[in-house]
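The opening position of the sequence shown corresponds to residue 22 in the numbering used here, with each subsequent residue numbered one higher.
C-beta atoms are modelled at their ideal positions from N, C-alpha and C, and glycine is treated no differently.
These numbers were taken from a predicted model, which means no experiment stands behind them.
A short write-up of the structure that comes next.
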Amino acid sequence: MQYLNKHKRKPNIGLKPGKASGFTLIEALITLAIVGILSAVIYPSYTSYIERSYRIQAQADLLDFASAMERHKATTFSYTGAAGSQGAPQDTGSPWVYPSHSPADGPAADKRYDLTIEDIDNNGRFYEIRATYSGPDALNGNASGMLSIFSDGRKAYDQNKDGNYQADEFCWNC
22 MQYLNKHKRK PNIGLKPGKA SGFTLIEALI TLAIVGILSA VIYPSYTSYI
72 ERSYRIQAQA DLLDFASAME RHKATTFSYT GAAGSQGAPQ DTGSPWVYPS
122 HSPADGPAAD KRYDLTIEDI DNNGRFYEIR ATYSGPDALN GNASGMLSIF
172 SDGRKAYDQN KDGNYQADEF CWNC
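This is how it looks when you write it as structure tokens:
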């Protein structure tokens with residue numbers, strides 16, 4: 022008998038008899054409020070990070086596009102005729118010497134930027150190539166600013182999204 026008394030199960034001290042266990046409504050509401058506040062702070066930061074990653078990809082694609090323009094000039098001695106199609110070349114518009122979307126290594130359906138030859142001078146010696154945001158939120162006014170590379174090496178980022186480059190926007194890391 023003494024052996025049985027030694028190994029008796031002790032009652033659970035944390036619960037009082039007749040009390041239910043679990044979370045109270047106040048505890049659940051406080052947790053929900055904390056999650057809501059954290060989400061409100063974290064989500065805008067996350068979306069700006071994603072937008073920045075697409076912009077960096079467009080910058081890399083513009084640099085590759087500029088290399089394609091240089092290859093085109095090396096074979097034709099001019100930047101003219103790099104747009105349109107190989108059978109019907111044009112000076113400006115959608116290029117045929119490089120994919121017309123960014124990310125260039127992905128399908129056109131997943132594009133975030135349209136790549137175009139914006140301007141070529143009359144002699145075919147200077148160009149401006151441009152990446153214009155065309156992602157899913159472009160129509161909502163949430164579009165990222167356009168990016169450009171000029172044949173003389175200048176780079177521009179329309180940071181204020183007004184469609185023009187100001188003097189302080191001739192850099193990609195402004």
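Exposed unless 16 or more other CB atoms sit within 10 angstroms - verdict on residue i
| i | result |
| --- | --- |
| TYR4 | Outside the modelled stretch of the chain, which goes from 22 to 195, sits residue 4, for which no answer is possible. |
| ALA152 | buried |
| LYS132 | buried |
| ILE63 | exposed |
| ASP82 | buried |
Inter-residue spacing [alpha-carbon to alpha-carbon] between residue i and residue j
| i | j | result |
| --- | --- | --- |
| ASP142 | GLU149 | 9 Å |
| PHE191 | LYS176 | 6 Å |
| SER121 | THR113 | 12 Å |
| ASP189 | THR68 | 25 Å |
| GLU91 | TYR154 | 24 Å |
| ASP173 | PRO128 | 30 Å |
| THR96 | GLY57 | 59 Å |
| ASP140 | GLN111 | 11 Å |
| LEU59 | PRO65 | 11 Å |
| ALA109 | ASP135 | 20 Å |
| ALA89 | ILE138 | 12 Å |
| GLU48 | ASP126 | 49 Å |
| THR52 | ASN181 | 39 Å |
Residue j beta carbon less than 7 Å from that of residue i
| i | j | result |
| --- | --- | --- |
| PRO116 | ALA103 | yes |
| ALA54 | ILE170 | no |
| MET167 | ASP179 | yes |
| GLY145 | TYR186 | no |
For residue i, the nearest candidate out of the options (CA to CA)
| i | options | result |
| --- | --- | --- |
| GLN78 | GLN187, LEU46, SER165 | SER165 |
| ASP85 | PRO124, ILE51, SER66, THR101 | PRO124 |
| ASN194 | GLY127, ALA89, SER74 | SER74 |
| PRO157 | GLU72, LYS94, THR137, PHE44 | GLU72 |
| PHE12 | LEU46, THR45, LYS94 | This structure gives no information on residue 12, because the portion of the chain shown stretches from 22 to 195. |
Runs of beta strand (DSSP E) wholly within the segment 132–193 (minimum 3 residues, chain order): Counting only runs of 3 or more, we get 134–141, 148–154, 168–171, 176–178.
Alpha helix (DSSP H) segments (min. 4 residues) lying fully within the segment 84–125: Correct list: empty.
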